[in-house]
Structures are given as C-alpha cells and as structure tokens.
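Inspection log for the structure reproduced underneath, given as structure tokens.
Number of protein chains: 2
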Amino acid sequence: MNNKEILIKNGISPSFQRLQVYSYLRKNNVHPTAFKIYNDLKKQIPTLSKTTVYNVLKLLAGKNLIREVKIEDNELRFDAVLQEHGHFKCSECGKVTDVFYDKEFVDFIEKRNKITDIQFNIIGICENCLNNKN
Amino acid sequence: MNNKEILIKNGISPSFQRLQVYSYLRKNNVHPTAFKIYNDLKKQIPTLSKTTVYNVLKLLAGKNLIREVKIEDNELRFDAVLQEHGHFKCSECGKVTDVFYDKEFVDFIEKRNKITDIQFNIIGICENCLNNKN
DNA sequence: TCATAATTTATACTTATTACAATTATGTAA
DNA sequence: TTACATAATTGTAATAAGTATAAATTATGA
Ligand SMILES: [Mn+2]
Ligand SMILES: [Mn+2]
Ligand SMILES: [Zn+2]
Ligand SMILES: [Zn+2]
Numbered sequence: 031m032n033n034k035e036i037l038i039k040n041g042i043s044p045s046f047q048r049l050q051v052y053s054y055l056r057k058n059n060v061h062p063t064a065f066k067i068y069n070d071l072k073k074q075i076p077t078l079s080k081t082t083v084y085n086v087l088k089l090l091a092g093k094n095l096i097r098e099v100k101i102e103d104n105e106l107r108f109d110a111v112l113q114e115h116g117h118f119k120c121s122e123c124g125k126v127t128d129v130f131y132d133k134e135f136v137d138f139i140e141k142r143n144k145i146t147d148i149q150f151n152i153i154g155i156c157e158n159c160l161n162n163k164n
Numbered sequence: 031m032n033n034k035e036i037l038i039k040n041g042i043s044p045s046f047q048r049l050q051v052y053s054y055l056r057k058n059n060v061h062p063t064a065f066k067i068y069n070d071l072k073k074q075i076p077t078l079s080k081t082t083v084y085n086v087l088k089l090l091a092g093k094n095l096i097r098e099v100k101i102e103d104n105e106l107r108f109d110a111v112l113q114e115h116g117h118f119k120c121s122e123c124g125k126v127t128d129v130f131y132d133k134e135f136v137d138f139i140e141k142r143n144k145i146t147d148i149q150f151n152i153i154g155i156c157e158n159c160l161n162n163k164n
C-alpha cells in the first residue's frame with residue numbers, strides 16, 4: 031500500500047500538498063519540525079504555505095498516521111514511525127534518533143489509566159559526538 | 031536542611047522571591063507552569079514580575095534544584111522532585127502525576143551516550159476521571 | 001553614609017503556532 | 001460546457017510563551 035492509498039484508506043483526500051508532507055515524513059526519518067518540512071518542501075512547491083503544513087500535520091496526527099514528538103519546549107517535531115518508541119536527542123549535533131523500550135512497563139501503566147500518548151525523550155551527547163571530541 | 035539553606039548551599043543568595051518560588055515548588059507537587067507560579071505567588075507578592083519567575087526558574091534548573099518537564103508543546107512545567115521519574119498527564123482534569131520507571135533501562139542507554147536529561151511523559155485519562163464518567 | 005553590585009521590575013522583542021478570511025481547485029448537476 | 005457548491009490552500013493578522021534589555025530598586029560592605 032503506497033502513501034496515496036494510505037491517505038485514502040484513512041478518509042483523507044490525497045491532495046498534492048498532503049501527499050508531499052506525508053511522503054516527506056515517511057522518507058526522511060529525521061523527526062523534523064513543521065518549519066523544516068515547510069522549508070524543505072518549498073524548494074519543490076514554491077507556492078506552499080506554512081499554514082498548509084501545520085494543517086496537514088494536524089490532520090495526519092488526528093488520524094494517527096504520524097506522531098507528535100515533544101523534546102525541546104520551543105519546537106514540536108513529527109514522526110511517521112508509529113511503533114511505540116522514545117527518542118534520543120544529541121545536544122551537540124541536534125540529531126534525534128529512536129529509542130525502543132520495554133512494552134511490559136507501559137502495559138503496567140495501562141492497566142489503570144487510558145493512555146492516549148507517550149513521550150519518552152532522552153537528551154544528551156551521542157556516541158559520535160563523544161568520540162569526535164578529542 | 032530547609033529551603034533557604036539549600037539555596038545557600040548551592041551558591042544562590044536566598045532572596046525573598048527566589049525563596050518563594052522554590053518553596054512553592056517544594057510544597058505544591060503539581061508540576062506548575064511558570065505562569066501558574068507567577069499567578070499564584072502574585073497574591074502574596076503583588077509586585078512580583080513574570081520575568082523574575084522565569085529568571086528564578088532558570089537559575090534553579092541550572093543548579094539542578096528543579097527539573098523542567100515538557101509534556102505539551104505549549105507549556106513548560108517545573109518539578110522539585112529530583113528522583114528520576116516520568117509523568118502522567120490526564121487530558122480530562124489536566125493533573126500531572128509522577129510515574130517511576132525501571133532504572134536498568136536507563137543504564138543501558140547511558141552506557142553508550144552521555145545523558146543530560148530524560149523526559150518520560152504519558153498522556154491519557156486517569157483512574158478518577160475514568161470512574162467519574164458514568 | 002555612600003558607592004557598588006546584585007536583584008527585581010517593566011517593557012519591548014522574538015518566534016512558533018493558531019485564527020481567519022480570501023483565493024483557488026475540484027467535483028457534480030443542469 | 002457552464003454554473004454552482006464544497007473542499008483545500010494561501011496570505012495575513014493575532015496569540016502567547018519565552019527572552020532580551022535597560023531602568024529602578026534593593027542589598028552589601030567599606
Ligand atoms: Mn522516532
Ligand atoms: Mn514529577
Ligand atoms: Zn551528536
Ligand atoms: Zn483526570
């Protein structure tokens with residue numbers, strides 16, 4: 031099932047802009063901010079509006095086709111990897127990478143509460159940056 | 031060791047405003063935003079400035095006397111509980127409560143990276159709100 | 001007391017996100 | 001094809017959290 035079909039299956043009419051934003055997220059697993067998506071796509075779509083990017087992201091998140099990732103307080107990032115996982119952000123290079131954690135722990139919490147979102151973010155310095163420090 | 035002594039021990043001269051903000055956080059374990067702290071303390075300190083609250087919070091966080099908690103993307107919260115833990119935010123009543131998780135998992139991540147901050151937040155509906163639904 | 005430094009305050013600024021209205025594209029009935 | 005209704009996109013203005021700056025106040029200590 032390609033990206034276009036996924037949108038249709040979720041009741042989203044696959045406009046050009048929507049397809050571009052969704053495809054961008056599925057192709058580039060870099061946890062971009064709305065502005066980065068806007069800025070990168072503007073090269074191919076000069077008429078693109080920032081509002082549209084925000085609208086599409088909210089639409090996709092509402093249908094659970096992407097997830098919002100809150101690491102720093104001044105930037106909301108987006109992720110098309112739906113499998114439950116956390117993130118590691120390197121404060122040196124800024125890269126955000128995936129961290130997968132134990133499902134059993136989440137099940138324990140889920141027994142008592144109705145979970146709708148989990149944010150698990152670790153900030154630090156990654157292996158690469160630590161080694162390149164010498 | 032009382033709050034005043036803790037500030038002094040950490041090289042922070044214990045001004046009235048600083049002591050009030052720090053005491054507020056230690057007394058009320060509600061993970062307030064900067065604005066809530068400002069708004070609540072203004073009742074006792076009518077001359078209090080929002081900038082001061084932000085300044086004090088940043089000062090305390092810099093000395094690791096409090097922790098920043100990032101749950102929603104539009105509000106930064108603060109916590110005087112320093113033991114490593116995550117949070118559960120109820121989307122019904124808005125309350126933020128503590129969630130303690132396995133230290134071993136964090137150790138595994140720590141072997142490879144230098145961790146400076148961990149944010150573990152769960153959003154959902156709490157036991158109370160689930161039961162009061164009928 | 002007086003000078004100096006530290007702290008607080010008020011104000012203006014920045015910036016991510018949202019609200020809103022105007023414009024454009026799309027699909028369908030006549 | 002044309003006209004119309006609806007959906008989607010765009011540009012602009014508004015909102016609001018957080019930050020920067022400088023003036024005003026307060027504390028310190030010679
Ligand atoms: Mn991810
Ligand atoms: Mn807590
Ligand atoms: Zn790095
Ligand atoms: Zn609740």
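In order, the protein sequence lines correspond to chains A and B.
Each residue of the first sequence is one higher than the one before, starting from 31 at the first, in the working numbering.
Each residue of the second sequence is one higher than the one before, starting from 31 at the first, in the working numbering.
Backbone N, C-alpha and C fix where the C-beta goes; we use that ideal spot for every residue, glycine too.
Could you tell me whether the Cβ atoms of residue i and residue j are closer together than 8 Å?
i	j	result
Leu37 (chain A)	Leu55 (chain A)	no
Ala91 (chain A)	Glu98 (chain A)	yes
His61 (chain A)	Phe108 (chain A)	yes
Tyr68 (chain B)	Leu95 (chain B)	no
Ile155 (chain A)	Asn58 (chain B)	no
Gln47 (chain A)	Thr81 (chain A)	no
Leu112 (chain B)	Thr63 (chain B)	no
Thr127 (chain B)	Ile153 (chain A)	no
Can you give me the start and stop residues for the alpha helix (DSSP H) that residue i sits inside?
i	result
Val4 (chain B)	In the structure as shown, chain B begins at 31 and stops at 164. Residue 4 (chain B) is therefore absent and cannot be evaluated.
Phe138 (chain A)	133-142
Lys34 (chain A)	33-39
Gly124 (chain A)	That residue, Gly124 (chain A), is in no alpha helix (DSSP H); it is neither H nor E in DSSP.
Any C-beta of chain B sitting closer than 8 Å to the C-beta of residue i?
i	result
Val126 (chain A)	no
Gln47 (chain A)	no
Phe130 (chain A)	no
Gly154 (chain A)	yes
Arg142 (chain A)	yes
Ala91 (chain A)	no
Phe108 (chain A)	no
Val114 (chain A)	The identity of residue 114 (chain A) in the sequence shown is Glu, whereas the question assumes Val. No, Glu114 (chain A) does not count as interfacial toward chain B.
Ile139 (chain A)	yes
Phe118 (chain A)	yes
Pull up the distance between the alpha-carbon of residue i and that of residue j, whole angstroms please.
i	j	result
Lys27 (chain B)	Leu71 (chain B)	Look at the range of chain B in this structure, 31 to 164, and you will see that residue 27 (chain B) is not part of it.
Asp132 (chain B)	Ser121 (chain A)	24 Å
Phe118 (chain A)	Asn151 (chain B)	14 Å
Asn164 (chain B)	Asp137 (chain A)	Model confidence at Asn164 (chain B) stands at a pLDDT of 45, short of 50, so the residue's coordinates are unreliable; what they give is reported in the following sentence. If you take the alpha carbons of Asn164 (chain B) and Asp137 (chain A), they lie about 24 Å apart.
Lys100 (chain B)	Ile148 (chain B)	10 Å
Pro76 (chain B)	Ala110 (chain B)	24 Å
Quick one: does residue i have its CB under 8 Å from some CB of chain A?
i	result
Asn164 (chain B)	With a pLDDT of 45 at Asn164 (chain B), under the threshold of 50, the modelled position of that residue is not reliable, and the figure given next carries that caveat. Answer no: the Cβ-Cβ gap between Asn164 (chain B) and chain A never drops below 8 Å.
Ser101 (chain B)	The sequence given here places Ile at residue 101 (chain B); Ser does not occur at that position. So yes, Ile101 (chain B) belongs to the interface.
Thr146 (chain B)	yes
Asn151 (chain B)	yes
Glu35 (chain B)	no
Just to confirm the assignment, what range does the beta strand (DSSP E) spanning residue i have?
i	result
Lys100 (chain B)	97-100
Leu106 (chain A)	106-109
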